[in-house]
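Participant:
Residue numbers (UniProt numbering): 1 to 382.
#1: So is residue 39 buried or exposed if we call it buried at 16+ other beta carbons inside 10 Å?
#2: Going by CA-CA distance only, name the one from 341, 379, 348, 343 that's closest to residue 329.
#3: What does the Cβ neighbour count give for residue 277, buried or exposed, with the cut at 16 atoms within 10 Å?
#4: When the Cα atoms are used, what is the spatial distance from residue 106 to residue 355?
#5: Note down the Cα distance separating residue 290 from residue 317, rounded to an integer number of angstroms.
#6: What is the DSSP secondary structure of residue 130, counted as helix, strand or coil?
#7: If you run the structure through DSSP and keep just helix, strand and coil, what is residue 382?
#8: In its own chain, which residues sit with a C-beta less than 7 Å from the C-beta of residue 148, not counting the 5 before and 5 after it?
#9: Three-state secondary structure (DSSP) at residue 40?
#10: Looking at C-beta atoms only, is the number of pairs between the stretch 240-257 and the stretch 269-285 that lie closer than 8 Å three or more?
#11: Quick check on the burial criterion: 16 or more other C-beta atoms within 10 angstroms. Buried or exposed for residue 158?
#12: Please list, in chain order, all residues of the same chain as residue 282 whose beta carbon is under 6 Å from its beta carbon, the five residues on each side excluded.
#13: In angstroms, rounded to a whole number, what distance separates the CA positions of residue 360 and residue 150?
#14: DSSP beta-bridge partners for residue 357?
#15: Hey, residue 209 and residue 218 are a contact pair by Cβ (cut 8 Å); roughly how many whole angstroms apart?
#16: Under the three-state reduction of DSSP, which class applies to residue 335: helix, strand or coil?
#17: Quick one: what's residue 277 bridged to in DSSP?
#18: Helix or strand or just coil, what does DSSP make of residue 369?
#19: Please return the same chain residues whose Cβ sits closer than 6 Å to the Cβ of residue 377, not counting the five positions on each side in sequence.
#20: Near residue 133, what residues of its chain come up, given a Cβ to Cβ distance below 8 Å and the 5 sequence neighbours on each side ignored?
#21: Would you mind giving the Cβ-Cβ distance between residue 182 and residue 167, rounded to the nearest angstrom? I have them listed as a contact below 8 Å.
#22: Apart from the five residues just before and just after residue 351, which ones in its own chain have a Cβ nearer than 6 Å to its Cβ?
#23: Between residue 146 and residue 68, what straight-line distance do the alpha-carbon atoms span, to the nearest angstrom?
#24: Out of 79, 236, 195, state which residue places its alpha-carbon closest to the alpha-carbon of residue 247.
#25: Confirm, please, whether the CB-CB distance from residue 249 to residue 262 is below 7 Å.
Here it is as structure tokens:
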């Protein structure tokens with residue numbers, strides 16, 4: 001019995017002793033002293049900080065000016081170097097067309113942004129004090145447009161591409177398009193000038209184009225009138241038969257893009273035609289032509305994100321068909337009334353490093369059929 005009481009007393013004494021302990025009695029380890037020559041650990045370099053807490057989101061968009069045309073819906077590569085206490089953090093991002101969310105380190109003293117596209121680069125430096133959450137930053141730079149000098153067209157025959165025709169573009173000493181020469185081969189294989197166009201300017205604007213046939217006979221004249229903003233508002237075509245075609249051009253901004261309407265009248269009959277074109281992001285997405293005799297044609301188009309050389313040539317025609325800044329990669333046509341023999345489909349491009357097409361393979365199918373009638377190849381030379 002005595003032994004039992006003694007054991008109980010020992011347990012009570014032990015419990016009371018543990019209860020009496022306070023925080024001052026608990027051992028707290030102290031961090032080791034820094035070793036000379038080694039930097040002290042900085043916040044964010046260890047694993048205690050939350051990664052999202054140290055990042056800030058900005059918006060970056062590639063905007064590149066080629067000649068007089070702005071390309072603001074293009075993919076590009078973005079390199080970012082963020083500097084923090086002499087240390088560099090490097091990112092490489094593939095930007096999509098349009099605005100992109102980009103995360104950079106909030107505590108970095110400054111950020112060096114470099115955008116690479118079409119064999120050119122543009123740089124921007126963002127200081128820590130000037131970086132704002134969700135701010136949109138535009139980067140891209142610009143350079144002069146290249147001049148398209150020649151096209152060669154081939155047709156696929158028995159598995160081989162055979163030369164069919166060529167087009168030569170001649171510029172004056174100021175870089176303006178002066179002549180367009182069309183060449184073909186006759187049955188004997190001799191190359192001849194099938195047609196030519198001669199452009200005339202007033203105040204840097206094309207005001208007339210004369211077209212000549214292979215014999216040098218003037219077969220067509222085109223005239224263009226501009227508004228104060230430099231946009232065509234009226235056009236006229238006089239052909240060799242004496243028929244005069246007049247067109248008036250109006251433009252209107254809509255929620256889907258810019259709608260351009262050309263109203264045509266003809267001197268030799270009462271037929272009228274309305275051609276409504278819908279432009280979005282600098283490209284013709286849909287064109288609808290209707291006559292007062294209920295004939296119609298509807299065209300729909302999709303585009304790449306590369307450079308269309310024709311838009312930089314200042315070379316208008318009666319349908320204003322060379323205004324898209326990118327290249328067609330898909331098209332679909334619907335007709336009511338008259339039908340063409342064939343329609344182009346399946347556009348397949350090769351590009352150079354500057355973003356220009358150097359080759360186009362294009363299939364041509366019969367209307368209302370999936371059968372491919374023939375395939376052409378066009379090569380572009382600058």
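Yeah, the Cβ is synthetic: ideal placement off N, Cα and C, and Gly gets one too.
Being a predicted model, the structure only gives us computed values, none of them experimental.
Facilitator: So, from the listed chains and residues:
#1: Its pLDDT being 40, under 50, residue 39 is placed unreliably in this model, and the value from its coordinates should be taken loosely. It is exposed - the Cβ of residue 39 has fewer than 16 other Cβ atoms within 10 Å.
#2: The candidate whose alpha carbon is nearest that of residue 329 is 348.
#3: Here residue 277 is buried, its C-beta having at least 16 other C-beta atoms within 10 Å.
#4: The straight-line gap from Cα to Cα measures roughly 35 Å.
#5: Each residue's alpha carbon lies about 19 Å from the other.
#6: DSSP, read as helix, strand or coil, puts residue 130 in helix.
#7: When secondary structure is reduced to three states using DSSP, residue 382 falls in the coil class, being assigned neither helix nor strand.
#8: Excluding sequence neighbours, residue 148 sits near 169, 309, 313, 380, 382.
#9: Residue confidence for residue 40 is low, a pLDDT of 41 falling below 50, so the modelled location carries little weight; the figure read from the coordinates is stated next. It is coil, neither helix nor strand.
#10: Enough Cβ pairs lie closer than 8 Å, so yes.
#11: The residue in question, residue 158, is exposed, as its Cβ has fewer than 16 Cβ neighbours within 10 Å.
#12: Counting only Cβ-Cβ distances below 6 Å, and skipping sequence neighbours, we find 325.
#13: Residue 360 and residue 150: Cα-Cα distance of roughly 14 Å.
#14: In the DSSP output, where bridge partners are listed per residue, residue 357 has 351.
#15: That pair is no contact at about 11 Å.
#16: Residue 335 carries a strand assignment under DSSP once its states are collapsed to helix, strand and coil.
#17: BP columns for residue 277 point to 260, 287.
#18: Coil, per DSSP.
#19: So the qualifying residues of the chain are 154, 161, 361.
#20: Once the five neighbours on either side are set aside, the close Cβ partners of residue 133 are 56, 57, 58.
#21: In this structure residue 182 touches residue 167 by the C-beta definition: roughly 6 Å separates them, less than 8 Å.
#22: Counting only Cβ-Cβ distances below 6 Å, and skipping sequence neighbours, we find 306, 357.
#23: Whole-angstrom Cα-Cα distance: 12 Å.
#24: That would be 236, whose Cα lies nearest to the Cα of residue 247.
#25: Less than 7 Å separates the beta-carbon of residue 262 from that of residue 249.
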